[in-house]
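Engineer:
Number of protein chains: 2
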Amino acid sequence: MPKIVDIDERRQELTDAAARLIARSGLGAATLRDVAAEAGLTTGALTHYFADKRELLHCTFIASLQLRTARRPDDRPDEPHAALRAALAGALPMDEDTRRHWMVTVAFCAEAAGDAELAATQRDAYRDYRSRVTRLVERCTDGSVHDDVEIAEQVIAAVDGVALQALFDPESWSPARQLAALDRALESVGCVPVSAAHC
Amino acid sequence: MPKIVDIDERRQELTDAAARLIARSGLGAATLRDVAAEAGLTTGALTHYFADKRELLHCTFIASLQLRTARRPDDRPDEPHAALRAALAGALPMDEDTRRHWMVTVAFCAEAAGDAELAATQRDAYRDYRSRVTRLVERCTDGSVHDDVEIAEQVIAAVDGVALQALFDPESWSPARQLAALDRALESVGCVPVSAAHC
DNA sequence: TTTTTCATAGTACAACTGTTATATAACACG
DNA sequence: CGTGTTATATAACAGTTGTACTATGAAAAA
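Chains as they are written, first to last, in this note's numbering: chain C, -6 to 192; chain F, -6 to 192.
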């Protein structure tokens, strides 16, 4: 009887619009009216899919956290070192999409400090990411090292640091340079495919 | 004839209040009324020292950028490796002050993307930081390496990455652990005091 | 076609924002 | 001790915001 629309798709269109605005000019630019307009709708439609502004922003945050570290479908190599490298490379802001979602993540950081729900979302996403990287590191070191978690954290720190610099100086951080920095970080923790004599 | 107050000190009290609010609950919490109240004043006094909200926020941003990487007065060692380590350690959020100013920096990141003036401030501060670290790296490598800039960027990335993780998970990132991560990063680029046989 | 139900637009409103203007209090100095 | 200047408080203003409500449109099902 009703007019049928794909609710999830509509919701994603709206969170995408919010993410674009936030990435472009910060959280303050994510007005209900502006988000709706960016999506080609009005506030009437927006409130039909999100009860609150709070819910809209929370969903936008979740979507960006997921998309930022989501694997590209075409690079799931079986070889441990290649898999680790691919997973970390996927977190680098090498295309416009990852850049935008990195930006959203950063924009929410301070907000999350004073919002328990956002903080929990952030914490969970990070734990998930860290455990995934740790598992990949374990497959590389093959149990020969006692603290895979520390290695994972060191590599994640390197990736995050590069990402932060690349976000705000994209011209001097081409994808190639980002990958080079990643490879250097991987080499320094001994997670490189060929056990090259780096002595 | 007038009532005399230290203008610069008053301005700093206000930007400090703004920084506290921003670090606690994001840029949106930095209302003129709330900032003034946090400083124990009212908007009337605030507008007496800052023409705009824009000016207040810009000054808050500048102050946080400076304080975040400012050297502690008591650790300016002459030995190159110790100097490099001290400079980088100063950027880590190991006390409440550095934590707060890191938070402010992060909060402004997305905003700076859509604001040319903020972006320029951020870019300049980062360039200054990078060149300072590069100079310290040069003194360590003693010209034996061809690309000190890349080493500096790698180390900065490691520090920033650790800082980002430590900001939102302070309990698992004690100062000692942050320093350990820094030392590991320094070792992996060969900037350690004793040229230990790490082979 | 008719009916029913959802999708969307439009509008109204109270709360809050930055800003400006006005009034009062405090104090250094002649 | 006045007194003129500054510091601060208070109040008023227009614009914007999130939200709630109503009305209209569209399309599937009967």
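Idealized CB from N, CA, C, for every residue including glycine. Here the structure is a predicted model, which is why all the values come from computation and not from measurement.
Return the residue from the list Phe161(F), Phe54(F), Asp153(F), Trp166(F) that minimises the CA-CA distance to Asp9(F).
Structural biologist: Considering only alpha carbons, the answer is Phe54(F).
Engineer: Is Arg43(C) helix, strand or coil when you go by DSSP?
Structural biologist: The identity of residue 43(C) in the sequence shown is Phe, whereas the question assumes Arg. In the structure shown, Phe43(C) sits in coil (DSSP, three-state: anything other than H, G, I, E or B).
Engineer: Leaving out five residues before and five after Ala190(C) in sequence, what residues of the same chain have Cβ atoms less than 6 Å from its Cβ?
Structural biologist: Here the model assigns Ala190(C) a pLDDT of 40, short of 50, so the residue's position is not dependable, and the following value carries that caveat. Same-chain partners within the cutoff: there are none.
Engineer: Which of the three DSSP states, helix, strand or coil, is assigned to His139(F)?
Structural biologist: coil
Engineer: Look at the alpha carbon of Arg123(F) and the alpha carbon of Ala173(C), and state the distance between them as a whole number of angstroms.
Structural biologist: 19 Å
Engineer: Go through its chain and collect everything with a Cβ distance to Pro163(C)'s Cβ below 8 Å, but skip five positions before and after it.
Structural biologist: Pro86, Arg92
Engineer: For Ser188(F), which residues in the same chain have their Cβ closer than 6 Å to its Cβ, ignoring the five residues on either side in sequence?
Structural biologist: For Ser188(F), the predicted model reports a pLDDT of 49, less than 50, meaning its position is unreliable; a value from the coordinates is still stated below. For Ser188(F), where only same-chain residues beyond five positions count, there are no Cβ hits under 6 Å.
Engineer: Evaluate Val182(C) with the Cβ neighbour count: other Cβ atoms within 10 Å of its Cβ, from every protein chain shown; 16 or more gives buried, anything less gives exposed.
Structural biologist: buried
Engineer: Where do the N-terminal and C-terminal ends of the alpha helix (DSSP H) with Leu175(C) fall, by residue?
Structural biologist: 168 to 181
Engineer: Determine the DSSP secondary structure at Ile144(F), reduced to helix, strand or coil.
Structural biologist: helix
Engineer: Establish whether the CB of Val130(F) and some CB of chain C are separated by less than 9 Å.
Structural biologist: no
Engineer: Using beta carbons (cut-off 9 Å, strictly below), is Ala189(F) in contact with chain C?
Structural biologist: Its pLDDT being 46, under 50, Ala189(F) is placed unreliably by the model, and the measurement read from it follows with that caveat. Not one chain C Cβ lies under 9 Å of Ala189(F).
Engineer: What number of angstroms, rounded off, separates the C-alpha of Ala159(C) from the C-alpha of Ala145(F)?
Structural biologist: 15 Å
Engineer: Taking only beta-carbon atoms, is Ile55(F) less than 9 Å away from chain C?
Structural biologist: no
Engineer: Could you tell me whether any non-hydrogen atom of the ligand PLP is closer than 8 Å to the CB of Phe101(C)?
Structural biologist: Among the ligands in the structure shown, none appear at all, so the ligand PLP cannot be discussed.
Engineer: Measuring straight from C-alpha to C-alpha, what distance separates Ala32(F) and Thr62(F)?
Structural biologist: In this structure, the straight-line span from the alpha carbon of Ala32(F) to that of Thr62(F) is close to 24 Å.
Engineer: Going by the CB atoms, is the gap between Ala112(C) and Ala151(C) shorter than 9 Å?
Structural biologist: no
Engineer: Comparing C-alpha positions only, which one of Ala106(F), Gln59(F), Leu157(F) sits nearest to Tyr119(C)?
Structural biologist: With distances taken between Cα atoms, Tyr119(C) lies closest to Leu157(F).
Engineer: Are three or more beta carbon pairs between the segment -5 to 8 of chain F and the segment 16 to 23 of chain F nearer than 8 Å?
Structural biologist: no
Engineer: Mind checking the segment 14 to 38 of chain F against chain C and listing, in chain order, the residues whose C-beta falls within less than 8 Å of any C-beta there?
Structural biologist: Ile15, Ala16, Arg17, Ser18, Gly19, Leu20, Gly21, Ala22
Engineer: Give the single residue among Ser57(F), Arg125(F), Ala82(F) whose Cα lies nearest to the Cα of Val12(F).
Structural biologist: For the record, residue 12(F) in the displayed sequence is Ala; it is not Val. Answer by Cα proximity: Ser57(F).
Engineer: How big is the Cα-Cα spacing for Thr24(C) and Leu14(C)?
Structural biologist: 9 Å
Engineer: Any C-beta of chain C within less than 7 Å: which residues of the segment 93 to 109 of chain F qualify?
Structural biologist: Result list: Met96, Val99, Ala100, Cys102, Ala103, Glu104, Ala106, Gly107.
Engineer: Does the separation of the CB atoms of Gly154(F) and Val138(C) fall below 9 Å?
Structural biologist: no
Engineer: Name the chain F residues that come within less than 9 Å of Arg125(C), Cβ to Cβ?
Structural biologist: Here the premise fails: no neighbours, minimum Cβ distance about 15 Å.
Engineer: Find the residues of chain F that neighbour Arg177(C), judging by a C-beta separation of less than 9 Å, and give them in chain order.
Structural biologist: Neighbours of Arg177(C) on chain F, chain order: Glu143, Gln147, Ser181, Val182.
Engineer: Within the 9 Å Cβ cut-off, does Gln158(F) reach chain C?
Structural biologist: yes
Engineer: Using a Cβ-Cβ cut-off of 9 Å, state whether Arg116(F) counts as contacting chain C.
Structural biologist: yes
Engineer: Where does Cys133(C) sit, in a helix, a strand or coil, going by DSSP?
Structural biologist: helix
Engineer: Is it buried or exposed, Thr98(F), if we count other Cβ atoms within 10 angstroms and call 16 or more buried?
Structural biologist: buried
Engineer: Thinking C-alpha only, which one of Arg78(C), Arg26(C), Ala44(C), Glu143(C) is nearest Thr36(C)?
Structural biologist: Arg26(C)
Engineer: Which residues in chain F sit within 7 Å of Ala193(C), going by Cβ to Cβ distance?
Structural biologist: The first residue shown for chain C is -6 and the last is 192, placing residue 193(C) beyond what the model contains.
Engineer: Since Leu129(F) contacts Ala75(F) with CB under 8 Å, what's their CB separation in whole angstroms?
Structural biologist: 10 Å between Cβ atoms; not a contact.
Engineer: Measuring only between beta-carbons, confirm whether Asp9(C) sits less than 9 Å from chain F.
Structural biologist: no
Engineer: I'd like to know if Tyr42(C) contacts chain F, where contact means its C-beta is closer than 9 Å to some C-beta of that chain.
Structural biologist: No, no contact with chain F.
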